[in-house]
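Novice:
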């Protein structure tokens, strides 16, 4: 479904990715792990079209995503929930979701997707008319994921949903991602919370210094000595 | 963000005791009081305020969505008045040949305004595509400064282009409709001014509904609040920028066309409306469209008071002084946020 081959990318004078190869198959739940500065966020930004790769290709369902502008990537079925969320703070939760469905023309489909989002996050229904800028961190994350779901993406890129959240809120977010996956959404998740993530996902990649150093199923990586030493502190 | 988070916890009464609401309250009371003392003050305030709201609303929209201080905004007012007079001339000639043509008499001003809006829109779109999109593609560094310089340059080119092509003369009309004034609140209001007010109110209402309720208007607000988030939702920034610039310039051109009987068309006609629009936008808080509409009426009220009690030569002085005083206490403008007042520092 998604295939990155030899992707190199970076910011002006600083190259971050040095040939990333990874793939996500239809219906999978894949995690991208690694320390700070390894290039996890850069990888997602490159897939989402915010950062054109210097070299290499990003293919999604047989079509090139490299060099495609972000709004086009979004309309081809790749949803992106960024680390900073990028919500519209002066709009209500409802309006944030509506803008998320900007590319959807069918009104009935918009309202049924919104019902799904409210079912996934009942909290958002209570906060429906509250401005996004006045929500708590956990609620803001729910709005961001909900907005990402509005165009009914087939692949959802999620960047560090646990960042800055209380343990309970993190748990809710992970539960929601699991429920989404059960509903058939393919997910590529970037996380620092290695232990929880590896128990959650089908497969994971470990990114270090801009390259994939390890790949395997959650269970395999939990048993890997490098992962245990560097990330799990065992 | 800390105050925003507690928004729900703030008691209703205290929320409206803020500086902004006190200032607005003072103005509303003053306007009502003036209506009892001299109804013509209120009538004049509403009529000119409506037009400044169109000018300032467009300026605030472009600043909010594109982060672009448009110092060529007045020149779209100029383009509007130029188009209006050009379209009106053959109509007036036809009326002179056939003074009994009532349809032509009644509809007289509207073709000019419609063409002015269309030309203003196209000019705005061209400006965005040719200039700002090209600049954006090169670099977004120093964006505010670069666009300020660019728009100042565009303004010089448009003013002198007009002078070159159409001459340096005032081209005005005495009135759109040469009929006796109608009475509102016991004040004689010329039909032209009444029409200007009605047009302004309808346009503002349509504009507000467009921004609040339509998919495209929502996309514009989304881009103003978070460009990255808007792109993630599938919004094409270039299209939104094009539309924003076109809409803003169309509003300025409409103001220029509608006010032709007060501001005859000549190359520099846009300067005063530009300054007024900036007064309003600075007073209201940069990039706040609703604030700009309210601010427009405050500024026009101050202008009207000056004309009535001090003299027309002071018409820019009193608004400026009041704006400076307000900004001393709230430098971000009445509806702006995140800047500290001099007294709080």
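Residue numbers (the numbering used here), protein chains in the order written: chain A, 332 to 565; chain B, 2 to 346. The beta-carbon is built from N, C-alpha and C at its ideal position, and this holds for glycine as well. Just so you know, these numbers come straight off a predicted model, no measurement behind them.
Should residue 242/B be labelled buried (16 or more other beta-carbon atoms within 10 Å of its own) or exposed?
Specialist: Result: buried.
Novice: When the cut-off is 9 Å and only beta carbons count, does residue 294/B lie next to chain A?
Specialist: No, residue 294/B does not count as interfacial toward chain A.
Novice: Provide the residue span of the beta strand (DSSP E) that contains residue 390/A, from first to last.
Specialist: Start and end: 386–391.
Novice: Could you give the residue range of the beta strand (DSSP E) that holds residue 360/A?
Specialist: Run containing residue 360/A: 360–364, per the beta strand (DSSP E) assignment.
Novice: What residue range does the beta strand (DSSP E) around residue 535/A cover?
Specialist: Where residue 535/A is concerned, the enclosing beta strand (DSSP E) stretches over 534–539.
Novice: So if I threshold CB-CB distances at 9 Å, which residues from the stretch 421–435 of chain A count as touching chain B?
Specialist: Residues passing the 9 Å Cβ filter: 421, 422, 426, 427, 429, 430, 431, 432, 433, 434 and 435.
Novice: Is there a Cβ from chain B that is less than 9 Å from the Cβ of residue 406/A?
Specialist: Yes, because at least one Cβ of chain B sits closer than 9 Å to the Cβ of residue 406/A.
Novice: Specify, as a first and last residue, the run of the alpha helix (DSSP H) that residue 220/B falls within.
Specialist: First-last of the alpha helix (DSSP H) with residue 220/B: 216–226.
Novice: So, at 7 Å on beta carbons, what are the nonlocal neighbours of residue 427/A in its own chain, with the 5 sequence-adjacent residues on each side left out?
Specialist: Cβ neighbours of residue 427/A beyond the five flanking positions: 418, 419, 463, 474 and 478.
Novice: Using the Cα positions of residue 407/A and residue 238/B, report the straight-line distance between them to the nearest angstrom.
Specialist: Taking the straight line joining both Cα atoms gives about 17 Å.
Novice: Here's a check: name, in chain order, each residue in its chain whose Cβ is nearer than 8 Å to the Cβ of residue 96/B, leaving out the five neighbours to either side.
Specialist: The residues are 102, 105, 106 and 109.
Novice: In angstroms with no decimal places, state the Cα-to-Cα distance between residue 349/A and residue 541/A.
Specialist: Cα to Cα, the separation comes out at about 5 Å.
Novice: Compute the Euclidean distance between the alpha carbons of residue 345/A and residue 385/A, then round it to the nearest angstrom.
Specialist: About 12 Å.
Novice: Which class does residue 141/B belong to by DSSP, given the choice of helix, strand or coil?
Specialist: Residue state, collapsed to three classes: coil.
Novice: Hey, how far is the Cα of residue 366/A from the Cα of residue 401/A?
Specialist: Rounded to the nearest angstrom, the two C-alpha atoms are 26 Å apart.
Novice: In chain order, what residues of the same chain lie with their CB nearer than 8 Å to the CB of residue 284/A, ignoring the 5 residues before and after it?
Specialist: No statement about residue 284/A is possible, as the shown extent of chain A runs from 332 to 565 and does not include it.
Novice: Tell me which residues of the stretch 187–216 of chain B have at least one Cβ-Cβ distance to chain A shorter than 8 Å, keeping chain order.
Specialist: Taking 8 Å as the Cβ-Cβ cut-off against chain A, the residues of the stretch 187–216 of chain B that qualify are 216.
Novice: Which residue or residues does DSSP assign as beta-bridge partners of residue 185/B?
Specialist: Residue 185/B is bridged to 188/B.
Novice: Distance check for residue 297/B and residue 319/B, CA to CA, integer angstroms please.
Specialist: Those two C-alpha atoms are separated by around 14 Å.
Novice: From 370/A, 364/A, 375/A and 341/A, pick the residue whose C-alpha is nearest to that of residue 334/A; which is it?
Specialist: Ranking the options by Cα distance to residue 334/A, first place goes to 375/A.
Novice: Taking 9 Å as the cut-off, decide whether the C-beta atoms of residue 394/A and residue 531/A are in contact.
Specialist: Not closer than 9 Å, so no.
Novice: Going by the DSSP bridge assignment, what does residue 355/A pair with across the sheet?
Specialist: BP columns for residue 355/A point to 333/A.
Novice: Bridge partners for residue 172/B per DSSP, in chain order?
Specialist: In the DSSP output, where bridge partners are listed per residue, residue 172/B has 266/B.
Novice: Is there a Cβ from chain A that is less than 9 Å from the Cβ of residue 236/B?
Specialist: Yes - at least one Cβ of chain A is within 9 Å of the one on residue 236/B.
Novice: At a Cβ threshold of 9 Å, is residue 411/A touching chain B?
Specialist: For residue 411/A, the answer is yes, since a Cβ of chain B falls inside 9 Å of its Cβ.
Novice: Can you tell me whether DSSP reads residue 490/A as helix, strand or coil?
Specialist: Here residue 490/A sits in strand by DSSP.
Novice: Do you know offhand how far residue 338/A's Cα is from residue 424/A's?
Specialist: Each residue's alpha carbon lies about 36 Å from the other.
Novice: How would you call residue 171/B, buried or exposed, if buried means at least 16 neighbouring beta carbons within 10 angstroms?
Specialist: By the 10 Å Cβ count, residue 171/B comes out exposed.
Novice: Restricting to Cα atoms, I'd like to know which of 76/B, 260/B, 127/B and 100/B is closest to residue 194/B.
Specialist: Taking only the C-alpha atoms, the option nearest residue 194/B is 260/B.
Novice: Use the C-beta contact count for residue 71/B: other C-beta atoms within 10 angstroms, 16 or more gives buried, fewer gives exposed.
Specialist: Counting Cβ neighbours within 10 Å, residue 71/B comes out buried, since at least 16 surround it.
Novice: Tell me whether residue 222/B is buried or exposed, calling it buried when 16 or more other Cβ atoms sit within 10 Å of its Cβ.
Specialist: Residue 222/B should be labelled buried.
Novice: Give me the Cα-Cα distance between residue 497/A and residue 469/A, rounded to the nearest whole angstrom.
Specialist: If you take the alpha carbons of residue 497/A and residue 469/A, they lie about 8 Å apart.
Novice: From residue 236/B to residue 247/B, what distance separates their C-alpha atoms?
Specialist: Cα to Cα, the separation comes out at about 18 Å.
Novice: What residues of chain B sit near residue 418/A, judged by a beta carbon separation below 9 Å?
Specialist: By Cβ distance, chain B contributes 226, 227 and 230.
Novice: With DSSP run on the structure shown, which of helix, strand or coil describes residue 339/A?
Specialist: Reduced to three states, the DSSP call for residue 339/A is strand.
Novice: For residue 519/A and residue 28/B, what's the separation of their Cα atoms in angstroms?
Specialist: For residue 519/A and residue 28/B, the distance between alpha carbons rounds to 55 Å.
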